[in-house]
Amino acid sequence: MRKLIGLFVFLTFVGMQICFAQTREITGTVIDKSDKSPLPGVSVIIKNNRAVGTATNVDGKYSIKVNENDILIFTFVGMKDQEIAVAGKNVINVEMVPATEALDEVVVMGYGAQKKGTVTGAVGVVDGNKIKEVPTASFDQILQGKATGMQVVASSGRPGAGAIVKMRGISSINASSSPLYVIDNVPVASADFNALNPGDIESVSVLKDASATSIYGSRGANGVIMITTKRGRMGKTIFNVKGQWGFSTRTRDKNQMMNTKEKLTYERQLGVGYGASSPTTGKPMTDEEINNYPINTDWMKEVFRTGKTQLYELSASGGSESTKFYLSGQYFDQEAIAPGSYLKRYTFRVNLDHKISRKLKFGMTASVGTSKEGNLRNDRNVLNPFNYVYSVNPYTKPFNEDGSWASDPTWDYGLNIFENIAMNPSYSNLIKGIGSFTLEYNIIDDLRFVSTAGVDYSQVLDYQYNKPESKLSQVLQSPGFRADSYAHRATFIWTNMLKYAKTFNDVHNLSATVGTEAQKSQWKGFGAQGEGFSSGRIDALDKAAKPLKVTGNVSDWRLLSFFALAAYDFDSRYFVDASVRSDGSSRFGKDNQYGTFWSAGAGWNIHNESFAENSGWLNQFKLRGSVGTSGNNNIGDYDALGLFSTGSYNGTSTIYPSRLPNNQLTWEKNFQASVGFDSKFFNERLTVVFDWYNRKTIDMLLAANLSLTSGFASRKENIGEMRNRGIEVSVSGDVYRSSDFFVNLYAMVSHNKNEVLKLYKGNDIKNGWNNVISEGKELNVYKMVRWAGVNPVNGDALYYTKDGQLTNKYSEDDAVILDGKSPYPDFYGSFGTNISYKGLDFSADFYFSHGNYIYNHVAFFNLSDGANANSNQDKRLLYDQWMKPGDITNIPRQDKGNSQVMSTRYLEDASYLRLRNVSLGYSFPKHLLDKVKLSKLRVYAQGLNLVTWTGFTGIDPEVGNVTSGTGPASSNADFQFPASRTIMFGLEIGF
200 MRKLIGLFVF LTFVGMQICF AQTREITGTV IDKSDKSPLP GVSVIIKNNR AVGTATNVDG
260 KYSIKVNEND ILIFTFVGMK DQEIAVAGKN VINVEMVPAT EALDEVVVMG YGAQKKGTVT
320 GAVGVVDGNK IKEVPTASFD QILQGKATGM QVVASSGRPG AGAIVKMRGI SSINASSSPL
380 YVIDNVPVAS ADFNALNPGD IESVSVLKDA SATSIYGSRG ANGVIMITTK RGRMGKTIFN
440 VKGQWGFSTR TRDKNQMMNT KEKLTYERQL GVGYGASSPT TGKPMTDEEI NNYPINTDWM
500 KEVFRTGKTQ LYELSASGGS ESTKFYLSGQ YFDQEAIAPG SYLKRYTFRV NLDHKISRKL
560 KFGMTASVGT SKEGNLRNDR NVLNPFNYVY SVNPYTKPFN EDGSWASDPT WDYGLNIFEN
620 IAMNPSYSNL IKGIGSFTLE YNIIDDLRFV STAGVDYSQV LDYQYNKPES KLSQVLQSPG
680 FRADSYAHRA TFIWTNMLKY AKTFNDVHNL SATVGTEAQK SQWKGFGAQG EGFSSGRIDA
740 LDKAAKPLKV TGNVSDWRLL SFFALAAYDF DSRYFVDASV RSDGSSRFGK DNQYGTFWSA
800 GAGWNIHNES FAENSGWLNQ FKLRGSVGTS GNNNIGDYDA LGLFSTGSYN GTSTIYPSRL
860 PNNQLTWEKN FQASVGFDSK FFNERLTVVF DWYNRKTIDM LLAANLSLTS GFASRKENIG
920 EMRNRGIEVS VSGDVYRSSD FFVNLYAMVS HNKNEVLKLY KGNDIKNGWN NVISEGKELN
980 VYKMVRWAGV NPVNGDALYY TKDGQLTNKY SEDDAVILDG KSPYPDFYGS FGTNISYKGL
1040 DFSADFYFSH GNYIYNHVAF FNLSDGANAN SNQDKRLLYD QWMKPGDITN IPRQDKGNSQ
1100 VMSTRYLEDA SYLRLRNVSL GYSFPKHLLD KVKLSKLRVY AQGLNLVTWT GFTGIDPEVG
1160 NVTSGTGPAS SNADFQFPAS RTIMFGLEIG F
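Here the numbering used here is used: the first residue of the sequence shown is 200, the next is one more, and so on.
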């Protein structure tokens, strides 16, 4: 017995020695690769025993007991995870790479992610840090100049105004040409981006060619913008606080309006207004009266103010191995340069990832935003301050001596812009919610089932009230008017996928996805109007003495889809991919509700070949190409159906057919071929990306004439064809880089050539006042009477006839198509620099557009040659006008009997270069932050739209260039809200 006990004690002792011999301590230091500073709070855990772990101290040091075969995982918020095997090491030091560098390795694509090195499509990636830096309320405006092939133009300078985004040209005449936006796998409406916090965005993928977009089928014809929001990472909770404060001022344009002396002199010459009939004598004013007139109002200074902006944001992220979270909240308040224009917004977000078991994971994203926006009227509306300041006479004043609003009896019923805005309030309330829920189940190691349900919901209330005491109500002879409109839109989507990915023999990489998707979108709206209110303090519609009308609408459509995609690469050298999707849409005729779309792509990583591996200057050269089709279902929900309308006949209510059905109505289809290359040289200091594409649209929806015996003039049919071809180039170079000094220069340029190939029976389509759509021409070219200048003998305006002969007789019959002149630029792009030195950082971004033409309606009204002399005019009419025989000028003889006619006189080249964004910041070093227990402290100053170089004489060469997401661009620059010059100061704190 004693021997057995002794043997047991001996074996136990030996076993303990063996165990102690296998378990040992590893130490090390974790630093930030970018600045070599230590990283405190880095999570260090054992991969196969995640219950064992530690974290680095304030000096970035750690120690942990491990076994010989263990693998350590290092994680930190904002950094790329690293896995390192122990394998005999006693000291493991780690340099962590920012997660933004990891973004360059994986690209978010349709229904998944893919290594950037094996992507065959044309895809641009925008880092979320570049998005949050720009102080703009609407996310889509921030995308300007961030990717080639994507034209981004501000629709307005008002707070929260969205952008018009076009990808590789215009693809349709009557259907939408806007891209599809997808946030965390949920398609969303771009119109509501002012309720989205740009600070929540992790990255944006811009999908441009068939290989990248065909998987979205009927929704991918105009490109896809994939938005990925921030997620939590394992480790301690990290809090980030951000504050911004700034001001905005009006940008200067080239309009020079008359002052009082000039306007009265001009009026006296033409025999109109106060200059021709003094308000005191009733006779033409003398020079002395003009020179001594007591009022000389600078309406620009009176009306426009210094706008103010403030933003406060708090976010938190962190988690354990099983549960990770990201939370954020933001308050945004912007008061614009124009009275009555403002935006107040609150946004909240919760992103959650939870590992339920070894095989099952759950993910959730939810965001909600609410905003209130003060509305101003547009163009030539009397409530538009930009129309007012360019029109009201300078010899009138804004306020009386007692502070009351003054009235100008010589201009527009005596309306005063301050009274107009105060007494006729208008605003919009928006509530926006986006959410998704994802379940992922690992069936086997290489096969997963993923199910995602998402919703995009918004509701908008538009309020307009003309108080009974207002001057406008008196002019309209309406004792108070109230109009409300309410709309809510909801999109529900459910996607189910099987995803397979496996590597064979370390060189064959195969992935495949099959799935189904169902989508339902519904829109409901109603409106009510009433007039006759007893007081401006009482605005409830049920208190209106006279209800005017009530309207209501409902519309919905559905989409059912089946799709598959597969990708294969051999040893990261040769790779191919393909996709196919079948969409069934309720929007089309019952005979053509389903459409099938496909793509195929191939690529070659030349730099991975043996003959290139030892090159000292070539780091990457990837050739790629793709072909495929996509569709456009962005038409009316019921365009294929016959409609009945209500009316009356001899006092009897009637119902009558108002539109014929078209059971053959089908998709507008895009076929696109694209080739390009991605390259990096000289230790990745120089990056060059090139793309060429050819994109053809067929079966465009156009109006086709019908026989008169049908009782209808026309109906929509699939008739037209159009083509877009272009090239895109981006270059980025690290001019200098070291551990503490970095200088980068970049430039990108895009060129698109559009041509209309086929119209109904070859007939031109008139589009607005000055534009035409014609076979063989660029879309929406101008068709106008050509201006020929001024006759020096008699001061008459001269024009060219259709045959090129000079004439002083204006006739619309002499209008001709102006080849090469359209609202679309020949090329556009951006360039800039990013510089950092130790804690200092500086960036500057320029944006340019060249070769696009705009009809300047501001000049049309303010250079009217006397026709509009009751309003203020451009001083060039006074100083540059023809006065006597022999005068050489471009301003004709002034006469109040002149007519305003549309000619190329007001058609202007709207090319411009704009200093879009400048930023200067300082990040405090970690050794100082450690003393106050902070992980980040950055202060910065930023400028937006600081300088614009242009020959355009309108208010803003950008705003008004493209004003519609559907069909061709607008060609008129009117009295729009321009972009503002903004200066911001900011503070970012992390702890």
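Cβ coordinates follow ideal geometry from the N, Cα and C atoms, glycine included. Bear in mind that the values here come from a model prediction, so they are computed numbers and not experimental data.
- Ranked by Cα distance from L842, the options F911, T1088, N628 are led by F911.
- For S402 and K745, the gap between their C-alpha atoms comes out near 53 angstroms.
- At a Cβ-Cβ threshold of 9 angstroms, S262 and T226 count as neighbours.
- Nearest neighbour of E600 by Cα position, chosen from K701, G729, I494, D770, turns out to be I494.
- Cβ-Cβ distances below 7 angstroms link V887 to S878, V930 in the same chain, with the five nearest sequence neighbours on each side left out; the list follows chain order.
- Contact check for D339 and V324: beta-carbon distance about 17 angstroms, past the 8 angstroms limit, so the pair fails to qualify.
- With respect to the 9 angstroms criterion, G751 and G724 are classified as neighbours on the basis of their beta carbons.
- Y415 is classed as buried because its beta carbon has at least 16 other beta carbons within 10 Å across all chains shown.
- DSSP, read as helix, strand or coil, puts W986 in strand.
- R884 places its beta carbon 9 angstroms or farther from that of G835.
- K429 sits away from D408, with the two beta carbons spaced by 9 angstroms or more.
- Assigned with DSSP and collapsed to three states, T274 falls in strand.
- S657 places its beta carbon less than 9 angstroms from that of A388.
- Secondary structure note for I489: its alpha helix (DSSP H) is the uninterrupted segment 486-490.
- One thing to note: G517 has its Cβ no nearer than 9 angstroms to the Cβ of K453.
- Around the beta carbon of E927, a 10 Å sphere encloses 16 or more other beta carbons of the protein chains shown; the residue is thus reported as buried.
- For A743, there is no enclosing alpha helix (DSSP H), since its DSSP letter is neither H nor E.
- Nearest in C-alpha terms to T1147, of all of F940, S1110, L1127, is S1110.
- Residue burial is scored here from C-beta neighbours: T412 has at least 16 other C-beta atoms within 10 angstroms and is therefore classed as buried.
- For V971, same chain residues with a beta-carbon under 8 angstroms away, outside a window of 5 residues either side, are D963, I964, K965, N979, V980, Y981, K982, I1016 in chain order.
- Inclusion of N373 and K1125 in the CB contact set at 9 angstroms is not warranted, their separation being larger than that value.
- In the structure shown, W968 falls within a coil segment according to DSSP collapsed to helix, strand and coil.
- The way I'd put it, the segment 624-638 doesn't touch the segment 587-600; fewer than three beta-carbon pairs between them come closer than 8 angstroms.
- Distance from the CA of I616 to the CA of G1185, rounded to the nearest whole angstrom, comes to 34 angstroms.
- Around the beta carbon of I854, fewer than 16 other beta carbons lie within 10 angstroms, which makes this residue exposed.
- Between the segment 1099-1114 and the segment 484-492, the count of Cβ pairs shorter than 8 angstroms is below three; the stretches do not touch.
- Contact between the segment 1022-1038 and the segment 941-951 is present: 3 or more CB-CB pairs across the two stretches fall below 8 angstroms.
- Going by DSSP, H1056 is part of the alpha helix (DSSP H) stretching over 1056-1061.
- A direct Cα-Cα distance of roughly 41 angstroms separates A353 from W816.
- For D452, there is no enclosing beta strand (DSSP E), as DSSP marks it with neither H nor E.
- Proximity of the segment 578-592 to the segment 615-632 meets the contact definition, three or more beta-carbon pairs being nearer than 8 angstroms.
- Among the bridge pairs identified by DSSP, R914 is matched with A903.
- Where G472 is concerned, the enclosing alpha helix (DSSP H) starts and stops at 472-475.
- Under the DSSP definition of a beta bridge, K523 partners with G518, D552.
- Our two residues, V674 and L614, have alpha carbons roughly 9 angstroms apart in a direct line.
- Taking all protein chains shown into account, I230 has 16 or more neighbouring C-beta atoms within 10 Å of its C-beta and is therefore buried.
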